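K.L.:
Quick one: the structure is below, questions incoming.
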Amino acid sequence: MAKLSPVDAKNQREFALLLKELRGELASIYSFYADADGRISYSEMQKFNRLKALNPAIVRIVRSHANNLWHTSGGQPLRVFTLLLSNTILSTIKVGFKRRSTFKDLDRALTNALELKVKTARKLTPPIEDPNPERDALAAKHEKALKDFFDMQMNLFLKKLEALNGTEL
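Residue 113 in the working numbering sits at position 129 of the sequence shown, with consecutive numbering throughout.
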């Protein structure tokens, strides 16, 4: 695993536990369905809805660890962070199956994708500016209005997505 910055040091344990559970889930799939070369194809995972059955397991694992990793997400709502993390994991797994990756290759890709997602979700510190109370009050009012609007839109989007996936985030 790549070296994490000191900001992420407290979350490194939770990140490792998340990866350990994901590896366990994928290892069981590879032990059942891999061919003689240790590879699984996307079509093999599509058979009998195996890939669809994997989705709730991934979401369950992410939910169990997302709350502790969420604190580095830069203030995104927990549901959004969980959804983004789940989608990152699922899309990485699907690409791995499409490339007929071995477990080791898929594990490396998954680790890199998750590290990137957790690191880039961190809130960037704003630049220091000269104090201007009128501008700051107007900016805060505008920011609150935008946040309320985007929260409302995100809730509508999540409800539609949950209805499509059949899972509640």
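Ideal Cβ placement from N, Cα and C applies to all residues, glycine included.
Owing to the predicted nature of the structure, the values given are computational and were not obtained by experimental measurement.
Just curious, the alpha helix (DSSP H) that K128 is in, first and last residue?
P.N.:
As a first step, residue 128 is located in the sequence shown; it is residue number 144 there, counting from the start. Where K128 is concerned, the enclosing alpha helix (DSSP H) stretches over 117 to 149.
K.L.:
In angstroms, rounded to a whole number, what distance separates the CA positions of S48 and Y14?
P.N.:
For the purposes of this step, residue 48 is taken as the residue at position 64 of the sequence shown. For the purposes of this step, residue 14 is taken as the residue at position 30 of the sequence shown. Roughly 23 Å between the two C-alpha positions.
K.L.:
When you compare only the Cα positions, how much space is there between T95 and R119?
P.N.:
As a position in the sequence shown, residue 95 is number 111, starting the count at 1. As a position in the sequence shown, residue 119 is number 135, starting the count at 1. Their backbone Cα atoms lie some 43 Å apart in a straight line.
K.L.:
Please return the same chain residues whose Cβ sits closer than 7 Å to the Cβ of A97, not counting the five positions on each side in sequence.
P.N.:
Position 113 of the sequence shown, counting from 1, holds the residue named residue 97. So the list reads T72, T76, once near-sequence residues are dropped.
K.L.:
Which value, in whole angstroms, describes the spacing of the CA atoms of E9 and A41?
P.N.:
Along the sequence shown, one-based indexing puts residue 9 at 25. Along the sequence shown, one-based indexing puts residue 41 at 57. The alpha-carbon atoms of E9 and A41 are separated by roughly 8 Å.
K.L.:
Is the number of C-beta pairs between the stretch 61 to 71 and the stretch 12 to 27 that are closer than 8 Å three or more?
P.N.:
No, because fewer than three Cβ pairs between the stretch 61 to 71 and the stretch 12 to 27 fall closer than 8 Å, the two stretches do not touch.
K.L.:
Starting from R44, trace the alpha helix (DSSP H) in both directions and tell me its first and last residue.
P.N.:
Looking up residue 44 in the sequence shown gives position 60. Element bounds for R44: 34 to 53.
K.L.:
Checking the sheet assignment: what are the DSSP bridge partners for R23?
P.N.:
Numbered from its first residue, the sequence shown carries residue 23 at position 39. Paired residues: T86.
K.L.:
Can you check whether the CB of M29 is closer than 8 Å to the CB of F81?
P.N.:
Here residue 81 refers to the residue found at position 97 when the sequence shown is read from its first residue. Here residue 29 refers to the residue found at position 45 when the sequence shown is read from its first residue. Yes.
K.L.:
Express the C-alpha separation of D89 and N39 in angstroms, rounding to a whole number.
P.N.:
Locating residue 39 in the sequence shown gives position 55, where the first residue counts as 1. Locating residue 89 in the sequence shown gives position 105, where the first residue counts as 1. One C-alpha to the other measures close to 20 Å.
K.L.:
Can the beta-carbon of A50 be found less than 8 Å from the beta-carbon of L74?
P.N.:
Indexing the sequence shown from 1 puts residue 50 at position 66. Indexing the sequence shown from 1 puts residue 74 at position 90. In this structure, L74 does not lie closer than 8 Å to A50 by Cβ.
K.L.:
Report, in whole angstroms, the separation of the C-beta atoms of R84 and S25, which I expect to be a contact under 8 Å.
P.N.:
In the sequence shown, residue 84 corresponds to position 100, counting from 1. In the sequence shown, residue 25 corresponds to position 41, counting from 1. Indeed, because the Cβ distance is near 5 Å, the residues count as touching under 8 Å.
K.L.:
Rounded to the nearest angstrom, what separates Q137 and R23 at their Cα positions?
P.N.:
For the purposes of this step, residue 137 is taken as the residue at position 153 of the sequence shown. For the purposes of this step, residue 23 is taken as the residue at position 39 of the sequence shown. Each residue's alpha carbon lies about 41 Å from the other.
K.L.:
Helix or strand or just coil, what does DSSP make of A18?
P.N.:
Residue 18 sits at position 34 when you count from the first residue of the sequence shown. The answer is coil: DSSP assigns A18 none of H, G, I, E or B.
K.L.:
Is it buried or exposed, L130, if we count other Cβ atoms within 10 angstroms and call 16 or more buried?
P.N.:
Working through the sequence shown from its first residue, we reach residue 130 at position 146. With fewer than 16 other Cβ atoms within 10 Å, it is exposed.
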